[in-house]
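Undergrad: Chains as they are written, first to last, in the working numbering: chain D, 2 to 180; chain F, 2 to 180.
Ideal placement from N, C-alpha and C gives every residue a C-beta, glycine not left out.
Take this structure, written in structure tokens, and hold onto it; I'll ask about it next.
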């Protein structure tokens with residue numbers, strides 16, 4: 002079976018584990034015959050959105066660009082994994098609607114208390130101190146997905162468990178050949 | 002033979018026929034088994050570079066973004082055809098170097114007198130009148146490619162002839178299975 006393209010859209014707080022999960026999944030999907038590109042939030046900002054800030058308008062523009070590229074990739078047979086916070090429900094819906102390939106939204110859920118405690122990049126501390134403005138979860142909203150295809154709880158699951166649940170979903174949906 | 006991905010990078014003056022040629026080639030390449038995306042200058046500006054102007058810096062940023070997306074597509078087996086003026090040699094070289102798939106630069110050549118006479122979008126007239134600033138060929142430089150893989154002369158050739166020469170090159174290069 003030739004795997005068809007799809008967009009695996011991760012959304013969740015900074016530090017919830019989106020990039021970790023994306024980087025964990027990418028080689029597994031490649032091993033199983035998929036072409037894979039990870040569109041990581043930071044990398045995409047550097048390449049497509051330099052100069053944009055974190056106002057709602059700029060965030061939306063950034064997300065639209067990621068969605069545009071993910072769509073180009075996925076409709077050409079690639080598995081595009083996006084790993085941007087993408088905090089606003091409306092723009093996630095817009096991206097879902099414009100995507101012509103299959104769109105799988107994955108809510109990478111972790112309680113604010115957990116990600117703030119981890120604070121892997123030291124950003125929450127800066128956000129609490131007001132050094133970083135418009136920080137999702139602290140001074141900017143995160144709108145939880147209500148109909149995500151997959152929800153993973155990274156505060157309770159290992160990355161292998163979360164990845165396994167996503168892979169199972171992709172198999173059930175017929176987007177990935179069963180092992 | 003499975004066709005591998007490549008970037009077909011068109012460069013040339015506004016009105017030289019880049020988009021026309023791209024739109025002519027796309028269905029032919031699809032018919033011959035390629036996955037094809039046309040990254041047209043105007044469309045890409047709308048989707049990736051809204052807010053950017055036509056200063057050298059902004060043009061370079063726009064071209065880098067097109068190059069980034071073309072690379073993502075081509076390294077995943079797609080034929081990415083870009084149709085932006087891309088007037089500066091240095092940034093074209095930069096994009097060529099970052100592209101991990103095959104990169105084919107096509108100089109879509111037409112004398113300024115010819116494209117100005119055509120003036121399909123009425124832009125040259127506005128540029129001459131000073132209504133549009135930084136207009137390539139009039140008030141902004143166009144740096145001709147010195148080592149383009151293919152040069153087509155749209156002032157003298159039909160679109161079929163130009164397309165035929167590009168297809169022949171792709172066959173010779175082993176990027177397209179011969180008919």
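Using a C-beta cutoff of 8 Å, does residue 66 of chain F count as contacting chain D?
TA: Yes - at least one Cβ of chain D is within 8 Å of the one on residue 66 of chain F.
Undergrad: Checking contacts by CB at 8 Å: is residue 77 of chain D closer than that to chain F?
TA: Yes, its Cβ sits closer than 8 Å to a Cβ of chain F.
Undergrad: If contact means a Cβ-Cβ distance below 9 Å, which residues of the region 46-74 of chain F contact chain D?
TA: Going along the region 46-74 of chain F in chain order, one finds 48, 49, 50, 51, 52, 53, 62, 65, 66, 69, 70, 73, 74 with a Cβ nearer than 9 Å to chain D.
Undergrad: Distance cutoff 8 Å, beta carbons only. Does residue 95 of chain D sit that close to anything in chain F?
TA: Not an interface residue.
Undergrad: Under a three-way DSSP split, which group does residue 2 of chain F fall into?
TA: Note that residue 2 of chain F scores a pLDDT of 44, beneath 50, so its modelled location is shaky; the value from the coordinates is reported in the next line. Note: residue 2 of chain F maps to coil in three-state DSSP.
Undergrad: Below 7 Å on C-beta distance, what does residue 36 of chain D contact in chain F?
TA: In chain order: 77, 78.
Undergrad: With three or more C-beta pairs closer than 8 Å as the rule, is the region 131-140 of chain F touching the region 26-45 of chain F?
TA: At 8 Å Cβ cutoff, the stretches do not touch.
Undergrad: Looking at the strands, I want to know which residues DSSP matches up with residue 1 of chain F.
TA: A question about residue 1 of chain F goes unanswered here, because the residues of chain F that appear run from 2 up to 180.
Undergrad: Do residue 116 of chain D and residue 16 of chain D have their C-beta atoms closer together than 8 Å?
TA: Cβ atoms of residue 116 of chain D and residue 16 of chain D: closer than 8 Å.
Undergrad: Since residue 110 of chain D sits in a beta bridge, which residues does DSSP pair it with?
TA: Looking at the DSSP assignment, residue 110 of chain D forms a beta bridge with D:154.
Undergrad: Starting from residue 82 of chain F, trace the alpha helix (DSSP H) both ways and give me its first and last residue.
TA: That residue, residue 82 of chain F, is in no alpha helix (DSSP H); its beta strand (DSSP E) goes 79-84.
Undergrad: Could you please give me the residues that DSSP links to residue 55 of chain D through a beta bridge?
TA: In the DSSP output, where bridge partners are listed per residue, residue 55 of chain D has none listed.
Undergrad: Taking C-beta to C-beta, are residue 105 of chain D and residue 177 of chain D nearer than 8 Å?
TA: In this structure, residue 177 of chain D does not lie closer than 8 Å to residue 105 of chain D by Cβ.
Undergrad: Kindly indicate the opening and closing residues of the beta strand (DSSP E) around residue 38 of chain D.
TA: Its beta strand (DSSP E) spans residues 36-41.
Undergrad: Nearest to residue 88 of chain D by CA position, among D:82, D:74, D:58, is which residue?
TA: Cα-wise, what sits closest to residue 88 of chain D is D:58.
Undergrad: My assumption, with CB atoms under 8 Å, is that residue 109 of chain F sits in contact with residue 80 of chain F. Please give the rounded CB distance.
TA: About 17 Å; that fails the 8 Å criterion.
Undergrad: Look up residue 100 of chain D in the DSSP assignment and say whether it is helix, strand or coil.
TA: Of the three classes helix, strand and coil, the one that applies to residue 100 of chain D here is coil, per DSSP.
Undergrad: Is there contact here, the region 65-77 of chain F with the region 147-157 of chain D, by at least three beta-carbon pairs under 8 Å?
TA: No contact exists between the region 65-77 of chain F and the region 147-157 of chain D.
Undergrad: Under a three-way DSSP split, which group does residue 159 of chain D fall into?
TA: In the structure shown, residue 159 of chain D sits in coil (DSSP, three-state: anything other than H, G, I, E or B).
Undergrad: Kindly indicate which residue of D:91, D:78, D:52 has the alpha-carbon position closest to the one of residue 65 of chain D.
TA: Nearest option by C-alpha distance: D:91.
Undergrad: Just checking my contact of residue 94 of chain F with residue 12 of chain F at CB under 8 Å: how many whole Å lie between their CB atoms?
TA: Their Cβ separation, rounded to whole angstroms, is 11 Å, which puts residue 94 of chain F and residue 12 of chain F out of contact at 8 Å.
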